[in-house]
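*Asks:* Quick one: the structure is below, and I'll ask about it shortly.
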Amino acid sequence: MGGEAAECGGLIDTTGVDVRLPMLVYVSREKRPGYDHNKKAGAMNALVRTSAIMSNGPFILNLDCDHYVHNSSALREGMCFMLDRGGDRVCFVQFPQRFEGVDPSDRYANHNLVFFDVSMRAMDGLQGPMYVGTGCVFRRTALYGFSPPRATEHHGWLGRRKIKLFLTKKKSMGKKTDRAEDDTEMMLPPIEDDDGGADIEASAMLPKRFGGSATFVASIPVAEYQGRLLQDTPGCHHGRPAGALAVPREPLDAATVAEAIGVISCFYEEKTEWGRRIGWIYGSVTEDVVTGYRMHNRGWRSVYCVTPRRDAFRGTAPINLTDRLHQVLRWATGSVEIFFSRNNALFASPRMKLLQRVAYFNAGMYPFTSVFLLAYCLLPAVSLFSGKFIVQRLSATFLAFLLVITLTLCLLALLEIKWSGITLHEWWRNEQFWVIGGTSAHPAAVLQGLLKVIAGVDISFTLTSKPGNGGGDGGVGGEGNDDEAFAELYEVRWSYLMVPPVTIMMVNAVAIAVAAARTLYSEFPQWSKLLGGAFFSFWVLCHLYPFAKGLLGRRGRVPTIVFVWSGLISMIISLLWVYISPPAGARERIGGGGFSFP
């Protein structure tokens, strides 16, 4: 109910303030053996349905269990984007992820500032940022799979020819006379088939698409009306009727509670389109990216909201090396799944902008760049082992290309740092972990994705382990307290993902030693080749330094199995190279010029 009026000067007048407690309901959905519960996506869809029965708010805030609200006005700011002029085309408002409990040096780039402060802001200038799974305010009707009231199709070369579409239906109330636009009823658009089929009457298709709950189907137009722009509801002041704060909320009766329980049962989604075109999309490890892509593909746009003074939401991040690699593996595996599915941006509809397609395409294909990254990390070692430089001779053309590429990368880095406001140290940590992830988790993700596509092997992932208590926010004590707060940072847990980076480090280190010994004892030492090859090998080792530091742990101990596997792979690569390109004195004994197929 509303507050009480001030009777004397010492009291605060709260008559215009909503002092009622919000409805808080803990939902535990039904789970039975033999049913695929679709993990987080299935849980979110169950929450969407049961909340529609109980409260039916037009906007939904999605937070992971390890995140909390750090700015009480964040939800209001997200809703303002959707209720302001032009906000009826906004499907969700994404907030940046900020983390607590990360070590001060951010060894494994947990803050991911280049993505959240550079890439996401850049996408905000296109059709909007992608959905990243948490810290997001949704429009309920957008989650239901409806198209926006207006959209733009991009045709022609580079999408320069634009066609504006009005996808809402207007229904006149009363006599068929000319009326002002404010008096027209904006009806919900029918859900469009992705195949481009003909529109079907919403009244006949809603139960088939959304399930057999008549209460839930009846709540859809109510949610649409409540989420309309303020300018479209002239009878409401500041978004609510006069005296609405003084009206007590009606308690939920037994029938409503029973209906809310029924829509989260195991059988409700059978023969419906939940998880296929409605709600969070099933079938991918990264259901968040796919869900946001489907909305953008229908013509919706999203908004990136950065609260400058106080972070909107905060959460925890894995600070252990193994947990961080498994987290990156899950993200990369989901990207590979997207690449080999119908959600590939190459098959996007004309309603998605060209550059937005490029951004989504990059989100699906970046794990495949690990193949080239592995080659680039091993190429300096091959150059040192063979005694030959990466190019046959240092021509002016090669040096010019190298100078142009180097300057371009430096200018791009400076642009990212200057525009986003991140520091050089944060940018360098991101570059280092990009190499670490690209040589460990990304190749494994590509292999898993290919096995799923070719052989049908199902992909299972490990839930990311997060630290139990945050550290680094200012505790009492000194260095010992920091060691306890970041104890997981120094734990070494074996994972097969560690083998490729360790192998790359060992091969490059051995190559530098071999090349230095060869040059030192050579009759005609060629120091330029040694310095050129050693520089690139040292550059690779610099990028893998956080990985090596995390592998040593607090006491500098490395699991024996890491040395065994890495040493074995290094020996195989070295012997294979000696067989393919033997030394000059041994070629005649081997039998001719070099490697030849039998």
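Counted the way my numbering counts, the sequence shown spans residues 21 to 618. Each residue gets a CB set at the ideal place from its N, CA and C atoms; glycine is no exception.
Which same chain residues end up closer than 6 angstroms to Val-473 when comparing Cβ atoms and leaving out the 5 residues on each side of it in sequence?
*Replies:* Counting only Cβ-Cβ distances below 6 angstroms, and skipping sequence neighbours, we find Phe-360.
*Asks:* Could you check which residue in Lys-569, Thr-292, Gly-179, Pro-370 has the C-alpha nearest to that of Ile-456?
*Replies:* Ranking Lys-569, Thr-292, Gly-179, Pro-370 by Cα distance to Ile-456 puts Lys-569 first.
*Asks:* Quick one: Cα of Ala-464 to Cα of Thr-353, how far?
*Replies:* So the alpha carbons of these two residues sit roughly 8 angstroms apart.
*Asks:* Quick one: what's His-2 bridged to in DSSP?
*Replies:* This structure does not reach residue 2, given that the chain is present from 21 up to 618, and the question cannot be answered.
*Asks:* Count the other CB atoms, across all protein chains shown, that sit within 10 Å of the CB of Val-527; report buried if there are 16 or more and exposed otherwise.
*Replies:* Label assigned to Val-527: buried.
*Asks:* Please list the terminal residues of the continuous alpha helix (DSSP H) segment that includes Ser-322.
*Replies:* No alpha helix (DSSP H) contains Ser-322, which is instead part of the beta strand (DSSP E) from 321 to 324.
*Asks:* Looking at Leu-249: is its Cβ nearer than 8 angstroms to the Cβ of Leu-103?
*Replies:* Yes, the pair counts as a contact, with Cβ atoms nearer than the cut-off.
*Asks:* So, at 8 angstroms on beta carbons, what are the nonlocal neighbours of Val-378 in its own chain, with the 5 sequence-adjacent residues on each side left out?
*Replies:* These residues qualify, in order along the chain: Ala-365.
*Asks:* Are Ser-390 and Gly-458 closer than 8 angstroms when you measure CB to CB?
*Replies:* Their beta carbons are under 8 angstroms apart, which means Ser-390 touches Gly-458 by this criterion.
*Asks:* What does the Cβ neighbour count give for Cys-430, buried or exposed, with the cut at 16 atoms within 10 Å?
*Replies:* Looking at its Cβ environment, which holds fewer than 16 other Cβ atoms inside 10 Å, Cys-430 is exposed.
*Asks:* Quick one: measure Cβ to Cβ for Val-620 and Ala-72, integer angstroms, because I've assumed they're closer than 8 angstroms.
*Replies:* Here the chain covers residues 21 to 618 and nothing more, so residue 620 does not appear.
*Asks:* Please report the straight-line C-alpha distance between Glu-446 and Leu-133, rounded to a whole angstrom.
*Replies:* Going by the C-alpha atoms only, they are around 7 angstroms apart.
*Asks:* Is it the case that the Cβ atoms of Phe-158 and Arg-170 are separated by a distance below 8 angstroms?
*Replies:* No, Cβ-Cβ distance for Phe-158 and Arg-170 is not below 8 angstroms.
*Asks:* Going by Cα to Cα distance, which pick from Val-326, Thr-327, Gly-295, Pro-328 is closest to Gly-312?
*Replies:* Checked all of Val-326, Thr-327, Gly-295, Pro-328; the closest Cα to Gly-312 is Gly-295.
*Asks:* Taking the C-alpha atoms as reference points, what is the distance between Ala-238 and Thr-161?
*Replies:* Each residue's alpha carbon lies about 13 angstroms from the other.
*Asks:* Rounded to the nearest angstrom, what separates Trp-177 and Tyr-128 at their Cα positions?
*Replies:* Cα to Cα, Trp-177 sits roughly 42 angstroms from Tyr-128.
*Asks:* Would Arg-413 and Arg-118 be called neighbours here (beta carbons separated by less than 8 angstroms)?
*Replies:* Against a cut-off of 8 angstroms, the Cβ pair of Arg-118 and Arg-413 comes out as no contact.
*Asks:* Can you give me the Cβ contacts of Asn-363 inside the same chain, cut-off strictly under 6 angstroms, excluding the 5 residues immediately before and after it?
*Replies:* Val-310, Tyr-313, listed in sequence order.
*Asks:* Quick one: using the 10 Å Cβ neighbour count with 16 as the cut-off for buried, is Glu-201 buried or exposed?
*Replies:* With a pLDDT of only 39 at Glu-201, under 50, the local geometry of the prediction cannot be trusted, and the value read off the model is given with reservation. Under this definition Glu-201 is an exposed residue.
*Asks:* From Leu-427 to Leu-551, what does the alpha carbon distance come to, in whole angstroms?
*Replies:* Those two C-alpha atoms are separated by around 21 angstroms.
*Asks:* Please report the residue range of the alpha helix (DSSP H) in which His-346 lies.
*Replies:* Taken as a continuous stretch (DSSP letters only), the alpha helix (DSSP H) holding His-346 covers 341 to 359.
*Asks:* Just reading off the beta strand (DSSP E) that Phe-79 is part of, what are its end residues?
*Replies:* Counting along the chain, the beta strand (DSSP E) containing Phe-79 begins and ends at 79 to 82.
*Asks:* What residue ranges within the region 94 to 151 form continuous alpha helix (DSSP H) runs of no fewer than 4 residues, ordered along the chain?
*Replies:* The region 94 to 151 contains these whole alpha helix (DSSP H) runs: 94 to 103, 140 to 144.
*Asks:* Verify whether the separation of the beta carbon atoms of Gly-148 and Tyr-324 is less than 8 angstroms.
*Replies:* Yes.
*Asks:* When you compare the CB positions of Asn-450 and Ala-243, do they come within less than 8 angstroms of one another, or not?
*Replies:* Cβ atoms of Asn-450 and Ala-243: not closer than 8 angstroms.
*Asks:* Per DSSP, Thr-428 is paired with what?
*Replies:* The partner list for Thr-428 (beta bridge, DSSP) is empty, contrary to what the question assumes.
*Asks:* Cα-Cα, which of Ala-535, Val-522, Ile-301, Leu-435 is closest to Gly-407?
*Replies:* Answer by Cα proximity: Ala-535.
*Asks:* Identify which residue in Thr-327, Thr-306, Tyr-288, Ala-142 has its Cα closest to the Cα of Leu-95.
*Replies:* Leu-95 has its Cα closest to that of Thr-327, out of Thr-327, Thr-306, Tyr-288, Ala-142.
*Asks:* Return yes when the Cβ of Val-152 is within less than 8 angstroms of the Cβ of Asp-331, no when it is not.
*Replies:* Taking 8 angstroms as the Cβ cut-off, Asp-331 and Val-152 do not qualify as a contacting pair.
*Asks:* Which two residues bound the contiguous beta strand (DSSP E) that contains Cys-156?
*Replies:* Where Cys-156 is concerned, the enclosing beta strand (DSSP E) stretches over 156 to 159.
*Asks:* So, is Val-122 buried or exposed, given that buried needs 16 or more other C-beta atoms within 10 angstroms?
*Replies:* Burial call: buried.
*Asks:* Can you tell which of Met-150, Cys-397, Val-110, Trp-514 has the C-alpha that lies nearest to the C-alpha of Pro-116?
*Replies:* Here the closest residue by C-alpha is Met-150.
*Asks:* To the nearest angstrom, report how far apart Tyr-164 and Thr-276 are at their CA atoms.
*Replies:* Approximately 21 angstroms, taken between the alpha carbons.
*Asks:* Are Val-512 and Leu-571 touching if we call contact CB-CB under 8 angstroms?
*Replies:* In contact: Val-512 and Leu-571 (Cβ atoms closer than 8 angstroms).
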